[in-house]
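Working notes for the structure below.
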Amino acid sequence: MQVSRRMFLGAMGAAAGFRAFGAPRKGKPELKLALLSDPHVQDAATQAKIRKIFEYARANGVDGVLIAGDIANDGRDDQLKMVADAWFEVFPNSKGADGERVEIIGCYGNRDFRQSSVTKPGQREREAAVSIFTHPNAIWQELFHDPIGDDVCVRYVKGYPVVVAHWRFQNKLNEFWPDLKKKFDPMKPFFYVQHPHLSGTVFNGFKADAGVSRKILSAYPNAIALSGHSHRSITDERALWHDSFVSIAGGSGAVVSTYGDRPYENHGNLGLKKGVPPPRVPHMAPVLSTHGLSQVMILSLYPDTIEIVRHDCGFNEPAGPDWILPRGKGNAGQPFGAVENPGVPQFPADAKVSVAERMGQNRDGGSEAQFVISFPPAQPSACASGRVMEYEVSAQTADGSEIVKEYVLATNYLHPCKEVKGPVECVFGKDSIPQGVKPVWCVKPCNFLHQPGRSIRSA
């Protein structure tokens, strides 16, 4: 398999001002879909984000838009109406720029079925009247003029089936499957949408279901699943899993979550995770930002391939290189991403490690003497695989024995493929180094699969 290196240099979508990703190399695709999850619409700002996503989808001439849950942040009718208003502003009468119909297929998530956080006497009854949970089909029909479908159902885009399992029902898919598969030809490409990730697929099963969906879909190499819930960034190569079928993580149309699933949490520049006891107290304030992120993918189905463009509408930049998959075939190689070897990031040839000392403050607020380790970023200058996710920074003795180690997330690992300017810093308390030992500082850049590139060392 291969990954496309083409940058999205196609003509701008004039009406929306978005960069379309160019003329297809194999002619017009059989089907083109926009894929997203977790827009969490609740106010004017989040409505503006999903409107931008719709505009990007329109500029790219999609046939349909699939949303994998948490559409309305608090599960309220008025929030879903904001989504519908944005939809019909961009797609009047649910039609694209060419006048052809564009389908919107929603899947309800846990926030859509939140009912309300109101607990005061008398208010819960009033909230029930405006909660999606109490009338999920009727409110979608009223706002979008189309059914959303029952608990588990089949919708269609240009004749291609889309199986939708709304929140809670993904774990009961086996009860519905015998009747569902009668509604389409399971030997041909079909799509499947649920809110939580499919167990054992994208992101190693982080925020996943009970495993029912994967067990069923594993018999169908032509199945393409979309999920969300984790808010993990689609810049991460693990957002695509290609093994017995294709599983795709939809990122988030609102707020992308920072990384937080490794056993030795915390990274030096990542905020403390609730409920995760840190093995040490980091010495750096969090520097990561999720502001501006608004992620979407464009999936194009060709006779022999599936091509997926990742895009961040907040920055109007590619979120990663294209993923290109052989259609309807399993993958006996690397399951994550669309590449057998995703590549590892490398430092520039002249990269050096600098060490300085200062008096600083640890995260507990106490004053301490610190080492500040600085080094240039290893981020590729082009949109390519092998981006940096983290840097492993360790203090070693002269014979290479490890004294202490820290991990620093690349400050733009959530963000589009822009070259990082300026040095990266990692801070250690001086008391972490035994007295009388002069450490050698070693830095390794690592990709999204935690594979390291060549290290650089201090003098």
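Under this note's numbering, read the sequence shown as residues 1357 to 1815, first letter to last. Think of the CB as a built atom: it goes at the ideal place given N, C-alpha and C, for glycine as much as any other residue.
Per the C-alpha coordinates, the member of N1768, P1385 and I1427 positioned closest to H1522 is I1427. Going by beta carbons, Q1702 and A1740 fall outside the 8 Å limit. For A1521, the enclosing beta strand (DSSP E) stretches over residues Y1516 to A1521. Between the segment 1709-1724 and the segment 1761-1777, the count of Cβ pairs shorter than 8 Å is below three; the stretches do not touch.
In this chain, F1727 is not harboured by any alpha helix (DSSP H); it is covered by the beta strand (DSSP E) spanning S1723 to F1731.
Per the Cβ contact rule, the segment 1650-1659 is not in contact with the segment 1757-1767 (fewer than 3 Cβ pairs under 8 Å). One alpha carbon belongs to C1463, the other to V1439, and they sit about 13 Å apart. Of G1606, A1564, L1805 and P1659, the smallest CA-CA separation from V1665 is found for G1606. Burial state of E1498 is exposed, judged by a 10 Å Cβ sphere holding fewer than 16 other Cβ atoms. Per DSSP, the beta bridge partners of L1391 are L1422 and M1653. Just so you know, the alpha carbons of D1668 and K1777 end up roughly 20 Å apart. Leaving aside the five residues that flank R1813 on each side, the residues in its chain whose CB is nearer than 7 Å to its CB run, in chain order, V1709, V1796, W1797 and C1798.
Contact annotation: H1587 and V1612 have beta-carbon atoms nearer than 8 Å. Taking 8 Å as the cut-off, the beta carbon of V1458 is found closer than this to the beta carbon of V1418. Relative to the Cα of S1730, the nearest Cα in the group G1561, K1800 and V1700 belongs to K1800.
In the assembly as shown, K1538 is an exposed residue. Its beta-carbon has fewer than 16 other beta-carbons within 10 Å. If you ignore the 5 residues before and after G1684, its C-beta comes within less than 6 Å of the C-beta of P1577 and N1578, all in its own chain and listed in chain order. With fewer than 16 neighbouring CB atoms inside 10 Å of its own CB, D1506 falls in the exposed class. With contacts defined by Cβ atoms closer than 8 Å, Y1548 and V1513 do not form a contacting pair. With contacts defined by Cβ atoms closer than 8 Å, P1542 and I1580 do not form a contacting pair. Taking C-beta separations shorter than 6 Å and ignoring five residues to either side along the sequence, the partners of D1592 in its chain run F1804, following chain order.
Pairing V1421 with I1460 gives a Cβ-Cβ distance under 8 Å.
Collapsing the DSSP output to three states places M1438 in a helix. The beta carbon of P1704 is closer than 7 Å to those of P1732 in its chain, skipping five residues each way along the sequence.
The C-alpha of S1723 is placed about 5 Å away from the C-alpha of Q1717. The beta-bridge partner set that DSSP reports for F1546 consists of A1579. By the Cβ neighbour-count rule, V1793 is exposed, with fewer than 16 other Cβ atoms within 10 Å of its own. At the C-beta level, I1409 and S1650 come within 8 Å of one another.
Here F1540 is near V1510, since their CB atoms are less than 8 Å apart. In this structure S1608 is in contact with D1394, their Cβ atoms being roughly 4 Å apart against a cut-off of 8 Å. Taking 8 Å as the upper bound for CB-CB distance, H1551 and G1465 are in contact here, some 4 Å apart.
Beta bridge pairing from DSSP links G1676 with R1666. Annotation for I1759: no alpha helix (DSSP H) segment contains it, though the beta strand (DSSP E) segment containing it runs E1758 to L1765. Per DSSP, reduced to three states, the secondary structure at R1457 is strand. The three-state secondary structure of I1409, taken from DSSP, is helix. Straight-line spacing of the CA atoms in E1748 and V1700 works out to 13 Å.
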